[in-house]
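Letter by letter, the sequence shown follows residues 65 to 403 of this note's numbering.
For every residue, glycine included, the Cβ atom is placed at its ideal position computed from N, Cα and C.
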Amino acid sequence: MSQIRYDLFHDRYVIIAPERMQRPGFLQPEKMLQREVCPFCEGREALTPPEIYAIRPHGGANGTGWKTRVVPNLYRALEIEAPLTLHKEQSREWREGFGAHEIVIDMPRHEQRMDQWSEREFFDWLSTLQERVSDLHRDFRLVYLSIFKNHGVHAGATQSHPHTQIIALPQIPKMKMAQIRHHVRYFHEHRRSIGRTLLEEALEEKWRVILQNDTFVAISPFAAGVPFEVWVTPKTPISSIIRATESDLHRLSSLLKTLFEKLYGVLGDFDFNLSFETAPLQKDAENEAIFETFDEICRFGIRILPRITGIGGFELSTGMMINPVTPELAAQKLREGRP
65 MSQIRYDLFH
75 DRYVIIAPER
85 MQRPGFLQPE
95 KMLQREVCPF
105 CEGREALTPP
115 EIYAIRPHGG
125 ANGTGWKTRV
135 VPNLYRALEI
145 EAPLTLHKEQ
155 SREWREGFGA
165 HEIVIDMPRH
175 EQRMDQWSER
185 EFFDWLSTLQ
195 ERVSDLHRDF
205 RLVYLSIFKN
215 HGVHAGATQS
225 HPHTQIIALP
235 QIPKMKMAQI
245 RHHVRYFHEH
255 RRSIGRTLLE
265 EALEEKWRVI
275 LQNDTFVAIS
285 PFAAGVPFEV
295 WVTPKTPISS
305 IIRATESDLH
315 RLSSLLKTLF
325 EKLYGVLGDF
335 DFNLSFETAP
345 LQKDAENEAI
355 FETFDEICRF
365 GIRILPRITG
375 IGGFELSTGM
385 MINPVTPELA
395 AQKLREGRP
């Protein structure tokens with residue numbers, strides 16, 4: 065059974081999850097599961113836990129014919145069945161590893177790069193994520209969730225079949241809570257959100273805009289932490305993926321397809337982390353005073369972090385990144401779509 069432990073020294077929470085030691089490639093991350101034994105491929109549905117959700121035009125649950133499929137993570141960091149109990153003993157504070165940990169199998173095909181996805185495949189993926197966030201939102205015990213994709217060994221992946229992970233937590237991580245409070249302070253001081261300010265400045269300057277349509281824009285952030293980092297954001301405020309309309313998801317799908325074609329055109333077959341920015345799910349004791357402002361200050365978006373350079377001791381010890389590629393140059397190259 066996992067635990068969520070409080071790190072008093074760094075003022076942060078850590079998930080201690082010994083079950084994840086059983087993951088394939090835990091000590092040999094370069095050895096990812098091959099197609100011949102992949103449990104995510106179509107026709108091997110019996111090798112995963114029973115599905116939670118699927119887009120399947122025809123056929124029954126846990127069978128073939130699906131477009132996307134969601135299952136509990138076999139090596140999950142958190143358990144939805146765990147008790148929601150807080151323990152304190154001297155300086156130590158922990159709770160049982162309550163939460164949700166799901167795998168979204170993005171498509172039936174193995175090793176499909178995102179620049180090879182169709183717009184429909186992007187839409188099905190986004191729709192599936194929206195459905196799962198909406199469902200998890202109904203559980204009042206879950207306060208915050210993380211949606212992320214690890215692609216490639218250098219991004220922490222142990223499975224090459226396209227998949228996304230969702231981890232839902234009973235609390236907001238300390239780092240995210242500090243970020244939210246920073247955004248709240250800015251909003252009260254300037255009467256506008258940080259997201260709106262950064263977006264308007266990027267659109268006005270133009271140099272860091274990679275591509276856009278009438279609903280979404282992809283930009284290279286002014287203080288990008290890694291080379292070719294990309295931030296995708298809506299032009300009008302949307303605080304969570306569950307507030308996006310079907311039309312929004314279609315427009316986002318179109319932009320993402322073109323964006324990944326440009327990323328692969330410049331970087332080749334690269335490793336990356338992708339994460340979604342989304343508002344907290346519920347009100348709790350820690351965020352109650354500012355919860356009503358979340359729709360104003362939180363902006364749904366997607367961050368793409370290519371892993372083409374390593375993170376060393378300075379970055380790990382200080383939290384300050386060193387980026388050798390200027391965001392302006394990165395945006396120029398990505399607009400052109402070639403090295």
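According to the DSSP assignment, residue 336 belongs to no alpha helix (DSSP H) but to the beta strand (DSSP E) extending over 336-341.
Here residue 361 really is in contact with residue 257; their C-beta atoms are around 5 Å apart, less than 8 Å. Under the three-state reduction of DSSP output, residue 244 falls in the helix class.
Excluding residues up to 5 positions away in sequence, 220, 221 and 337 lie with their Cβ nearer than 7 Å to the Cβ of residue 214 in the same chain. Between the C-alpha atoms of residue 228 and residue 253 there is a straight-line separation of about 37 Å. A direct Cα-to-Cα measurement between residue 72 and residue 299 gives close to 39 Å. As the crow flies, the alpha-carbon of residue 148 is around 31 Å from that of residue 110. A direct Cα-Cα distance of roughly 5 Å separates residue 234 from residue 207. Taking residue 231 as reference, the option from 216, 247 and 210 with the minimal CA-CA separation is 210. Using a Cβ-Cβ distance cut-off of 8 Å, the region 134-142 and the region 105-122 are in contact, since at least three pairs of beta carbons, one from each stretch, lie closer than that value. Residue 187 carries a helical assignment under DSSP once its states are collapsed to helix, strand and coil. For residue 66 against residue 143, the beta-carbon gap comes to about 7 Å, under 8 Å, which counts as contact. Residue 239 is classed as exposed because its beta carbon has fewer than 16 other beta carbons within 10 Å across all chains shown. Residue 299 sits in coil when the DSSP states are folded into three classes, being neither helix nor strand. In terms of Cβ geometry, residue 266 and residue 275 do not form a close pair [threshold 9 Å]. Contact between residue 288 and residue 387 holds: CB atoms are separated by about 6 Å, below the 8 Å threshold.
Taken in chain order, the whole beta strand (DSSP E) runs of length 3 or more contained in the region 189-263 are 208-215 and 227-233. Judged by DSSP secondary structure, residue 393 falls within the alpha helix (DSSP H) whose first and last residues are 391-400. Residue range 310-331 is occupied by the alpha helix (DSSP H) that includes residue 315. Cβ-Cβ distances below 8 Å link residue 260 to 301 and 363 in the same chain, with the five nearest sequence neighbours on each side left out; the list follows chain order.
A Cβ-Cβ contact shorter than 9 Å links residue 190 with residue 317.
In the three-state DSSP reduction, residue 365 falls in the strand class (E or B). The count of Cβ pairs closer than 8 Å, one atom from the region 167-186 and one from the region 316-330, reaches three, so the stretches are in contact. Judged by DSSP secondary structure, residue 379 falls within the alpha helix (DSSP H) whose first and last residues are 377-382. For residue 345, no beta strand (DSSP E) encloses it, and the DSSP letter there is neither H nor E. C-alpha of residue 272 to C-alpha of residue 291: approximately 13 Å in a straight line. Between the alpha carbons of residue 314 and residue 320 lies a gap of roughly 10 Å. CA-CA distance, residue 84 to residue 381, rounds to 25 Å.
By a beta-carbon distance limit of 8 Å, residue 117 contacts residue 196. Their separation comes to about 6 Å.
DSSP places residue 112 in no beta strand (DSSP E); its state is neither H nor E.
Distance from residue 297 to residue 263 at the Cβ level is roughly 6 Å; contact confirmed, criterion being Cβ atoms closer than 8 Å.
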